[in-house]
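Chains as they are written, first to last, in the numbering used here: chain A, 243 to 359; chain B, 132 to 247.
Glycine included, every Cβ here is placed at the ideal spot set by N, Cα and C.
Here's the structure we're looking at; comments come further down.
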Amino acid sequence: GAVVSQHPSWVICKSGTSVKIECRSLDFQATTMFWYRQFPKQSLMLMATSNEGSKATYEQGVEKDKFLINHASLTLSTLTVTSAHPEDSSFYICSARGISRITYEQYFGPGTRLTVT
Amino acid sequence: GDSVTQMEGPVTLSEEACLTINCTYTATGYPSLFWYVQYPGEGLQLLLKATKADDKGSNKGFEATYRKETTSFHLEKGSVQVSDSAVYFCALSYMNYGGSQGNLIFGKGTKLSVKP
Numbered sequence: 243g244a245v246v247s248q249h250p251s252w253v254i255c256k257s258g259t260s261v262k263i264e265c266r267s268l269d270f271q272a273t274t275m276f277w278y279r280q281f282p283k284q285s286l287m288l289m290a291t292s293n294e295g296s297k298a299t300y301e302q303g304v305e306k307d308k309f310l311i312n313h314a315s316l317t318l319s320t321l322t323v324t325s326a327h328p329e330d331s332s333f334y335i336c337s338a339r340g341i342s343r344i345t346y347e348q349y350f351g352p353g354t355r356l357t358v359t
Numbered sequence: 132g133d134s135v136t137q138m139e140g141p142v143t144l145s146e147e148a149c150l151t152i153n154c155t156y157t158a159t160g161y162p163s164l165f166w167y168v169q170y171p172g173e174g175l176q177l178l179l180k181a182t183k184a185d186d187k188g189s190n191k192g193f194e195a196t197y198r199k200e201t202t203s204f205h206l207e208k209g210s211v212q213v214s215d216s217a218v219y220f221c222a223l224s225y226m227n228y229g230g231s232q233g234n235l236i237f238g239k240g241t242k243l244s245v246k247p
């Protein structure tokens with residue numbers, strides 16, 4: 243149980259375009275979802291936290307207009323990178339947390355590799 | 132603020148060697164401590180955890196003990212296998228009111244390569 247999926251697993255887009263990444267909790271209701279960014283050889287940086295039906299809370303230094311997060315249902319959150327630039331190339335990982343005791347902890351998706359050319 | 136520091140990698144070991152990955156933390160309160168593992172091309176998986184001082188977390192032959200006096204949570208395994216090759220992250224978080232896990236604070240990760 244407590245499986246989180248991400249789609250796509252990798253994506254290549256041209257500079258200036260937007261790309262959407264989906265994060266789904268497959269077998270539990272995720273009241274909270276987290277979006278992380280992972281740079282090569284570095285740790286995970288929390289970008290934002292979203293609660294279902296509410297606006298996301300962004301960490302300091304993360305541009306909310308560039309990284310649009312939507313958490314419209316208890317099983318789906320999306321991250322849209324708008325007007326992507328090569329410096330947005332990274333590995334994006336989501337995690338989800340539920341409301342039952344077995345889903346109290348964050349469960350991580352497999353990640354999405356974004357390359358902006 | 133709170134932080135986690137873990138040893139720089141990469142760590143390269145031969146199969147059946149002993150492993151220790153050091154992790155120390157700075158915390159204003161009494162957090163829970165975690166080790167996560169990230170296999171190549173995958174997301175993070177919880178490896179083990181400890182919620183209070185002197186607790187020992189263990190899983191798949193790995194273990195770590197929550198040492199409040201030294202603010203440490205070192206990861207150990209007596210005999211590593213090639214399949215243990217991965218990046219290991221130490222992390223801390225506080226429990227939210229109601230019991231759910233709060234935001235995680237990660238160390239930078241330590242890459243482990245095990246050679247046959």
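{"Asked": "Residues near B/Ser244 in its chain [Cβ-Cβ closer than 8 Å; skip 5 each side]", "Found": "Pro141, Val142, Thr143, Leu144 and Ser216"}
{"Asked": "Residues of its chain near A/Trp252, where Cβ-Cβ distance is below 7 Å and the 5 sequence neighbours each way are ignored", "Found": "Thr354 and Arg355"}
{"Asked": "Sheet register partners of A/His249 (DSSP bridge)", "Found": "A/Glu264"}
{"Asked": "Beta-carbon neighbours of B/Glu173, restricted to chain A and to distances below 8 Å", "Found": "Pro352 and Gly353"}
{"Asked": "Coarse secondary structure for B/Ser256, derived from DSSP in three states", "Found": "One cannot answer for residue 256 of chain B here, as it falls past the ends of chain B, which runs 132 to 247."}
{"Asked": "Cβ separation of A/Glu347 and B/Gln212, assumed to be a contact under 8 Å, to the nearest whole Å", "Found": "The Cβ separation is near 26 Å, so there is no contact."}
{"Asked": "Start and end residues, beta strand (DSSP E) containing A/Gly340", "Found": "Ser332 to Gly340"}
{"Asked": "C-beta neighbour in chain B for A/Glu264, strict 7 Å", "Found": "no"}
{"Asked": "Unbroken beta strand (DSSP E) run spanning B/Met138, endpoints", "Found": "Looking at the DSSP string, B/Met138 is not in any beta strand (DSSP E), and its letter there is neither H nor E."}
{"Asked": "Per-residue contacts from A/Ile335 into chain B (C-beta, under 8 Å)", "Found": "Gly174 and Leu175"}
{"Asked": "Exposure label - A/Cys265; buried when at least 16 CB within 10 Å", "Found": "buried"}
{"Asked": "Under the three-state DSSP convention, the category A/Thr320 falls into", "Found": "strand"}
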